[in-house]
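Take a look at the structure below.
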Ligand code: ASP
């Protein structure tokens, strides 16, 4: 590069600096869009609306939730990757952000380098549930039933890369039987079809399933975590039901496009940390079978290292399952 070109670039960078920090000082001066990469009414949407409402109060600006479902969460994530890095477009995503890195052959963004992390939000257990009229009464009977009926069993998910897809993939590989899968834009609409009896099975976050299980609208077969839930102590774990080593929970985090100024991220992070201590958020999370992450996990640094570790953790599991999307 010529001397003059270099000099021109550094002059431009210097001139842009005060502007960037001036913007950060007044940030946020208009509403912020929080992209949820799944349909409204689902579990990621529920977490996003609860947390964003509290963050809005701290930031003094409204956070508007925009549902951009499709392609297992990668459509919404792609939209945020391409957005202006100014803190006005943020993403609430979950474990699928990390698994998509291995599940998709051609992802239009890089999970690790096209985003900045703001902080982890919550870890949510999942439950394997069936339509209320499904014959099997427990997980042992369900496994025998699925092995017998095979692809006549219809399992709903939120597309390749979603948490419900991952849970279904683990379930099918644990029992060595494939069922028919139907993708939705999120598990909100999948839950409607399960309650309506159009599909047979779903595995989804407790933030979406707790109310339906307690109301008797769906049958619960087990929880995906190693321990039983405080909110549903009678529900066995899938491990207790004989699915050895079955363990998955859905973590959520907030992201902004790469290049978002550090002081903007710091403001978002402070608002997130406040939200995670908000008694209303804590009590609603508890009703839904979850709790906020500890304050030391709600940081950009811990979140960044965690996503990288999750990408590495799921890669060999996904490769062994041989499931890919284009
Ligand atoms: N729970 C969904 C999933 O399977 C997504 C959602 O609608 O929140 O990833």
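Numbering (this note's numbering), first residue to last: 6 to 331.
The C-beta atom is built at its ideal place from N, Cα and C for all residues, glycine as well.
Given the structure is predicted, the values throughout are model-derived calculations rather than measurements.
### Query
Are residue 43 and residue 78 closer than 8 angstroms when you measure CB to CB?
yes
#### Entry: Burial state of residue 51, where buried means 16 or more other Cβ atoms lie within 10 Å
buried
### Query
In its own chain, which residues sit with a C-beta less than 7 angstroms from the C-beta of residue 5, not counting the 5 before and 5 after it?
Here the chain covers residues 6 to 331 and nothing more, so residue 5 does not appear.
### For residue 92, the nearest candidate out of 133, 40, 148, 163 (CA to CA)
Of all alpha-carbon atoms in 133, 40, 148, 163, the one lying nearest the alpha-carbon of residue 92 is that of 40.
### Query
residue 11 by DSSP, collapsed to three states: which one?
With a pLDDT of 48 at residue 11, under the threshold of 50, the predicted position of this residue should be treated as unreliable, and no value is reported.
### Task
Enumerate, from N- to C-terminal direction, the unbroken beta strand (DSSP E) stretches of 3 or more residues contained entirely within the segment 29-89.
Entirely contained in the segment 29-89, the beta strand (DSSP E) runs reaching 3 residues are, in chain order, 37-41, 68-72.
### Query
Helix, strand or coil: how does DSSP classify residue 154 here?
helix
### Message
Check this for me: beta carbons of residue 224 and residue 134, under 8 angstroms apart or not?
### Response
yes
### Message
If you reduce the DSSP assignment to three classes, tell me which class residue 174 lands in.
### Response
helix
### Assumed close pair residue 290, residue 284 - CB separation to whole angstroms, cut-off 8 angstroms
With 8 angstroms as the limit, residue 290 and residue 284 do not qualify as a contact, their Cβ atoms being about 11 angstroms apart.
### Task
Starting from the Cα of residue 169, find the closest Cα among 236, 99, 72 and give me that residue.
99
### Under the three-state DSSP convention, the category residue 313 falls into
Here residue 313 sits in helix by DSSP.
### Message
Between the alpha carbons of residue 265 and residue 282, how many angstroms are there, rounded?
### Response
25 angstroms
### Task
May I ask you to report which of helix, strand or coil DSSP gives residue 141?
coil
### Task
Pull up the CB-CB distance for residue 276 and residue 112, whole angstroms please, since I reckon it's below 8 angstroms.
Wrong, their Cβ atoms sit about 29 angstroms apart, outside the cutoff.
### Message
To the nearest angstrom, how far is the alpha carbon of residue 11 from that of residue 30?
### Response
With a pLDDT of only 48 at residue 11, under the threshold of 50, the placement of this residue in the model should not be trusted; the figure read from the coordinates follows. Roughly 29 angstroms between the two C-alpha positions.
### Query
For the candidate residues 76, 73, 47, 125, whose alpha-carbon lies nearest to that of residue 300?
125
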